[in-house]
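Residue numbers (the working numbering), protein chains in the order written: chain P, 1 to 551; chain F, 1001 to 1279.
From the three backbone atoms N, C-alpha and C, an ideal C-beta is built for every residue, glycine too.
In this text, all values refer to a predicted model and were calculated from it rather than measured experimentally.
One structure below.
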Amino acid sequence: MKKNEVFTYLVGGRAGEGVKKAGTVAMSIFTRMGRASFEMDDYPSLIRGGHNFSVVSTAADTITSHYMEADLMVLHDERSYLEHQSHVKPTGVVVYNSDEVGEGARGIGIPMKSEAKKYPPNPELRMGVGSVTVLAAAIGMPVNQAEEIIKKEYPRDREKNADYARAIYELIPSEVLGKFHLEKGTHQSSALTGNQAAALGAYSAGLDMYFAYPMTPSTSILHFLAAHMSDLQVVAIHPENEIAVANMAVGAAFAGAKTMVGSSGGGLALMEETYSLAGMVEAPVVFVLSSRSGPSTGVPTYTDQGDLEFAVNQGHGEFPRIVVAPGSVEEAYYKAAELLLLVWRFQTPGTLVLDRHLSESSHTVNIDPEKAVWADFISHDSGEYRRYEVTETGISPLLFPPSSELIKWNSYEHDEFGITSDKAEKIVAMHDKRKKKLSKLHEYLKTIKTVNVYNPGHPVIMTYGSTTMSVLEALRAGDIDATVVQPVYLRPFPVWEFTGYDRAVVVEQSSTGQFATLLKEKAQVDSLVIAKYDGRPFDPQNLALAIKEAV
Amino acid sequence: MELRTYAENTWCPGCGNFGILNGVKRAAEMLSEKGIGTERLMMSAGIGCHGKIFDYLRISGLYSIHGRSMATVEGMKFANPDLKVITFVGDGDAYGEGLAHVLFAAKRNADITVVVHDNKVYGLTTGQFTPTSTKGFKGGSTPEGSVEDPLNPLALLLEAGGTFVARTYSGKIPHVADTLVRAVEHEGFSLVEVLQPCVTYNDTYRLYNEKVKLLEETPDKLGEAIDTARIQDPLYIGVFYEVKKPVYHRELYGERNPAKDSLSREERVRRIRNLLSVR
Ligand SMILES: Cc1ncc(C[n+]2csc(CCOP(=O)(O)OP(=O)(O)O)c2C)c(N)n1
Ligand code: SF4
Ligand SMILES: [Mg+2]
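This is how it looks when you write it as structure tokens:
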């Protein structure tokens, strides 16, 4: 793929110093310039202190990952300085807070902290304002324009923030002013995280209610929808635990609301019994699984794809499951909508697989809300109602209360009316009904796009989920011609799309190569695995080297 | 009003659950006369002997899993507040497996009704001790007698914020019916504990016939209600506490009905465009 001209901005400092916010503001500056941009925030699981950094990479046309090698770095403290300054590009600039980074440091020192102390209270919160000012100056914005941006982006205490920005601007040496020329791009886009995109996508398809118990990295779906309860008219509910979450969602689906739940691995594990309940009562519910580095409590704020086998095997017993793993923020939007549609069409639970990298990274996207599907379903029109009526397709029409008809959803095996039964022929009839739904689901999936193939005709790389973004950017970074095959559906696995592939380089974030195992089992693909499992997403340049070696 | 189904009843002859079933049928008729018909009266049930009531009633709903039906009916209610929801649970089911859900439903004053078939034993799994079994109860898992003291669920749920807490006895069907009607009519969390003899594993008919006494007046102070709930002899039946408080779904989203007022596709597209253009 064609090489990308990338500009990367990195801010590092303690939690509570506005590091992440500085990244977000950088993202919106680039987005407003019409450029494609990608922001990755790295933060430990704590509220104050520690080491945080936010890295934003931008290109005029296309970009699908951050880069760890930066053109411009603003480092608030000694620890950030030691961690990052060696990763500056040869042509790059390091700006550090000279109040904390000592003598002999390489780069440009600015007394960001002592300057901030002139604008009490909370001088440490203002550090991020300083970092944004450095960016604005370095990409050639005049001081007034920088001030405008600060006022807009930091409305709380805006005058002091603007004064502080001006003071910092004046301390920036002239060789840095306008050092980086960034062309305007042509995108009409907005920046969203994967979690926001998944929430909005589901909403566009008809989502009415979201239930969740906080667990990183899924939490921001809950925050996002709770914040938009009135303007979007959705309901976000945070109950006592994940078991309540899942069961409330099933109950709400019974009453006709389109529902979704979300958590990370631990929370999904708690919901598993209810996942089966949804399979048995045929409740349409979307479960979002946003993985962290695991197992168990694991590493809450770092990424991994080690939940793959868990994700495709949710729930005990036999019933159709739909497992979808979008490979970009934009795809998270459309696939969340598509999954809501599928769970409603087929009346069975589905899982949307995300991970920390996709959930929390921010990407410029071009979303056309008209293009997302609408979650319609087969409904009962007249006559005596039988909840589990055996039909040609295995799908029984839905009817919601209030109704004078009897509507019984049953977790026990049941007859067509939903009354408990242990009769041999009823057991077989209901198993066959659920199995028929599965074969109809297969048929349906064959009519839609279940696998993305980029750049056909070259050596084959297979990947899925968030790692797709890393692989595509690595091909740009390394000017590599390779075909990328990305299954979006993991269960049912679209084997029909895999004819003709017998070997591939597999890229995944897992220590045991679960994706490679799945490919071998489902599609008989032999693989050479490039694995990463240190909680950090791939850096495109490093990944490019690994891919070149492998292909 | 036809409330029977064709399901074969498999409770042991003489089981206290029959009294509850008859009480519920009577209550459903009374509620229907008051304008709460079975089109909008929804039920759920836990897993245990008690749960079989789901199959024996011609009332719509969802037969849930063990311990979780409080959350099931909360979901129904929050999705469509026009519905009246009631769940039938066991003492093992609701106070063991699902205690958190009952406590939190009371705490948030979810507008649901929970009916506990309290036989102080796990009936369906053949007679083990439950959270309400007396100390020394002998069952398959405690052959030498349980070493734990029982919970006092009514006192606990009053403390948790229950806005309607009552007890009745399966041997007094009219009292069961009246209490259920009041509980369903109550706007907010209501819990009705039904003393239910299990003739097979914990036959308490004689004990209850001796000890059960009608509570003439509902205490109006919470402390007094809790004190009354602590009395074991006599065993009072009646309403221990009733108070009006704002209900959860209305506190959270006012008069909105998420299922009924679901926005059209066009309206959603418009709102998403708005939101994306501001960002
Ligand atoms: C998760 C789960 N654990 C265990 C069981 C097995 N189980 C079925 S009923 C029951 C106990 C029922 O006791 P109780 O709730 O008091 O109901 P009763 O039978 O006495 O009416 C148990 C443990 C189950 N169905 N699900
Ligand atoms: S075991 Fe006990 S509770 Fe269960 S049906 Fe028999 S008598 Fe009733
Ligand atoms: Mg019991």
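Is residue j closer than 8 Å to residue i when the C-beta atoms are compared?
i	j	result
Asp208(P)	Thr259(P)	yes
Ser218(P)	Ala212(P)	yes
Gly13(P)	His84(P)	no
Thr1240(F)	Val1192(F)	Correcting the residue type first, residue 1240(F) is Phe in the shown sequence and not Thr. No, the Cβ-Cβ distance between Phe1240(F) and Val1192(F) is not below 8 Å.
Leu1083(F)	Met1042(F)	yes
Ala554(P)	Leu490(P)	What is shown of chain P runs 1 to 551, which leaves residue 554(P) out entirely.
Pro369(P)	Glu473(P)	no
Thr1072(F)	Asn241(P)	no
Arg553(P)	Thr8(P)	In the structure displayed, chain P extends from 1 to 551; residue 553(P) sits before or after that span and is not available.
Ser328(P)	Glu39(P)	no
Gly380(P)	Leu399(P)	The identity of residue 380(P) in the sequence shown is His, whereas the question assumes Gly. Against a cut-off of 8 Å, the Cβ pair of Leu399(P) and His380(P) comes out as a contact.
Cys1049(F)	Val1199(F)	no
Glu78(P)	Asn195(P)	no
Ala15(P)	Gly49(P)	yes
Val1184(F)	Ile1059(F)	no
Check the Cβ of residue i against every Cβ in chain F and list those closer than 8 Å, keeping chain order.
i	result
Tyr203(P)	Arg1268 and Ile1272
Ile378(P)	What Ile378(P) touches in chain F: nothing, since even the nearest Cβ is about 17 Å away.
Ser403(P)	Glu1039 and Ser1060
Gly206(P)	Ser1262, Arg1265 and Arg1268
Trp374(P)	Arg1265
Less than 6 Å between C-beta atoms, sequence neighbours within five positions excluded: which residues of the same chain meet that for residue i?
i	result
Ile243(P)	Leu270
Ala1027(F)	Ala1177, Leu1180 and Val1181
Asp307(P)	Gly265 and Ser291
Phe254(P)	Trp409
Gly140(P)	Gly178
Ile378(P)	Ile395 and Pro397
Glu309(P)	Gln514
State yes or no: is the C-beta of residue i nearer than 7 Å to some heavy atom of ligand 2?
i	result
Asn1119(F)	yes
Thr420(P)	no
Asn1280(F)	Shown here, chain F extends from 1001 to 1279; a query on residue 1280(F) therefore has no answer.
Ala1115(F)	A small fix is needed here, since residue 1115(F) is Val in this sequence, not Ala. Not so, every heavy atom of ligand 2 lies at least 7 Å from the Cβ.
Count the other CB atoms within 10 Å of the CB of residue i; is the residue buried (16 or more) or exposed (fewer)?
i	result
Asn161(P)	buried
Gln314(P)	buried
Leu1214(F)	exposed
Val245(P)	buried
Asp304(P)	buried
Asn1109(F)	buried
Tyr164(P)	buried
Trp496(P)	exposed
Tyr1006(F)	exposed
Can you pull the chain F neighbours of residue i, defined as C-beta to C-beta under 9 Å?
i	result
Asp231(P)	Arg1271, Asn1274 and Leu1275
Asn241(P)	Ala1100, His1101 and Phe1104
Leu200(P)	Ile1272, Leu1275 and Leu1276
Taking 7 Å as the cut-off, is the CB of residue i close to at least one heavy atom of ligand 1?
i	result
Tyr1122(F)	yes
Ile1065(F)	yes
His1101(F)	no
Gly1092(F)	yes
Should residue i be listed as close to ligand 3, given that the test is whether its C-beta is under 7 Å from any heavy atom?
i	result
Asp605(P)	Outside the displayed span of chain P (1 to 551) sits residue 605(P), for which this structure offers no information.
Thr1087(F)	no
Thr1134(F)	no
Gly1098(F)	no
Since residue i meets chain F, which of its residues come closer than 7 Å, beta carbon to beta carbon?
i	result
Ile407(P)	Ser1060
Tyr412(P)	Tyr1063
Leu545(P)	Near Leu545(P) there are no residues of chain F at all, since even the closest Cβ is about 36 Å away, more than 7 Å.
Ile237(P)	Phe1078
Using a cut-off of 8 Å between C-beta atoms, extract the partners of residue i located in chain P.
i	result
Gly1096(F)	Within chain P, no residue comes near Gly1096(F); the closest Cβ sits about 14 Å away, beyond 8 Å.
Thr1113(F)	Chain P residues near Thr1113(F): none, gap ~14 Å exceeds 8 Å.
Note down, in chain order, each residue of its chain lying with its Cβ closer than 7 Å to the Cβ of residue i, except the 5 sequence neighbours on either side.
i	result
His228(P)	Val234
Ala257(P)	Asp208 and Met209
Arg421(P)	The sequence shown places Ser at residue 421(P), rather than the Arg named in the question. Correct list, in chain order: Glu413, His414 and Asp415.
Leu232(P)	Tyr203
Ala546(P)	Ile530
Residues of chain P with CB under 7 Å from residue i, in chain order?
i	result
Asp1082(F)	Pro402
Asp1055(F)	Ile419 and Thr420
Val1073(F)	Gly251
Under 8 Å Cβ to Cβ from residue i, same chain only, skipping five residues before and after it: list those, please.
i	result
Met1001(F)	Ala1028, Glu1029, Ser1032 and Thr1038
Exercise. May I ask you to list, following chain order, the residues of the stretch 465-497 of chain P that have a beta carbon less than 8 Å from some beta carbon of chain C?
Key: Among the protein chains of the structure shown, namely P and F, there is no chain C.
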